[in-house]
Structures are given as C-alpha cells and as structure tokens.
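Numbers 9 to 150, taken from this note's numbering, label the letters of the sequence shown in order.
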Amino acid sequence: VKSILYTVVIAFRAGGRAPDIIDYAASFIAEIRAFEEIKESRLAQYIYIIIVACIAFAVSAVVMTLMLSYISEMGQAPIQAGINIEYLFSVYFYAALLIIAFSSIAIGRSLRGYTPLAIYYAFIMILITSLIFILGPMFIKF
C-alpha cells in the first residue's frame, strides 16, 4: 500500500491525470485485499490439519504406550521385561511438546503472518495434548 501511495504522489508531481491514477490505485488495492482474503481462507484449512496431526500424535503415543504396557506384562522375555513404560511415556510427551512448538510457530508465522500468534496456538495445542496425556494413564499400568 505504501508503494501505491508513493506512486500516486510521483504521478501527481509529474503532471499525470489525477482521477485515472486514483482509480487505478483503488482497483489495485481492492485486488490486493481480495487476494489476501483468498489466501487466508485457503491457508485456514492447513491450521486445522496441523492441529489434528498434533492431536493424532498424542493419541497414537498413548495407544502405543498402552499396547507396550500390556506386552511387557504378558511376556517374560528379557526384551519385553526391559521396557520402561514410564520413560517411554515421558519421551512421547516431550516429543509431542517439541512438535507443538514447531507447529505453532509454523501456524503463527507462515499461515497467519504474525509470529506472536504462535503462543496462542501453542497454548491451545498444549492444553489438548496435556489432557490426552493425563487421561491416557488411566488405561496404562505402570
């Protein structure tokens, strides 16, 4: 927008036709706004995909830990008995937090164009993921 206004000022100084220049600048600004609206509506879908992917990782981590806890109970082989379920569960949780950090930065910076929004999306995803990891151990025997 600044470059358009700068162009209008230069055109006025050069003796250009003012109404034509203003009409052209107005139509150009309207096209830029329409493009921004289309871009935001198209990119909004990717925000939901990223959030669902983070939730899917958390759920799959809980399910995997649940399956491994049952396997370690049933088996008496050295490999099966050596699975530390609590350690594995914490590794999954920290991996989920790392994924959330990068995902929220990607949402805030790339998709929304404002990096501080990453804190908002990180808060939402950490809350959901924490609930999944808090409710998950109800089914896991440590």
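From the three backbone atoms N, C-alpha and C, an ideal C-beta is built for every residue, glycine too. Please read these numbers as outputs of a predicted model, since none were measured by experiment.
Legend entry - Buried/exposed call for Val70, threshold 16 Cβ in 10 Å: Counting from one through the sequence shown, the residue named residue 70 turns up at place 62. Label assigned to Val70: buried.
Inset, instruction - Measure the C-alpha to C-alpha separation of Ser138 and Ser98 and round it to an integer number of angstroms. - result: Translated into positions along the sequence shown, residue 138 becomes position 130. Translated into positions along the sequence shown, residue 98 becomes position 90. Their backbone Cα atoms lie some 12 Å apart in a straight line.
Inset, instruction - Compute the distance between the beta-carbons of Ala33 and Cys62, then report whether it is under 9 Å. - result: By one-based count along the sequence shown, residue 33 stands at place 25. By one-based count along the sequence shown, residue 62 stands at place 54. No, the pair does not count as a contact, with Cβ atoms beyond the cut-off.
Legend entry - the segment 43-62 in contact with the segment 110-120 per 3-pair CB rule at 8 Å: yes
Legend entry - Limits of the alpha helix (DSSP H) - the one that Ser98 falls within: Residue numbering aside, residue 98 sits at position 90 when the sequence shown is read from its first letter. Note, Ser98: alpha helix (DSSP H), Ile93 to Ile113.
Legend entry - N- and C-terminal bounds of the alpha helix (DSSP H) containing Met133: Residue mapping note: residue 133 aligns to position 125 of the sequence shown, counting from 1. Residues Leu125 to Leu143.
Legend entry - Ile132 vs Ala66 beta-carbon contact at 9 Å: Locating residue 132 in the sequence shown gives position 124, where the first residue counts as 1. Locating residue 66 in the sequence shown gives position 58, where the first residue counts as 1. Taking 9 Å as the Cβ cut-off, Ile132 and Ala66 do not qualify as a contacting pair.
Legend entry - Residues of its chain near Pro145, where Cβ-Cβ distance is below 6 Å and the 5 sequence neighbours each way are ignored: Position 137 of the sequence shown, counting from 1, holds the residue named residue 145. Same-chain partners within the cutoff: there are none.
Inset, instruction - Just tell me which of Glu44, Glu39, Ser35 and Pro27 has its CA closest to the CA of Gly166. - result: There is no way to answer for residue 166, as the model of the chain reaches only from 9 to 150.
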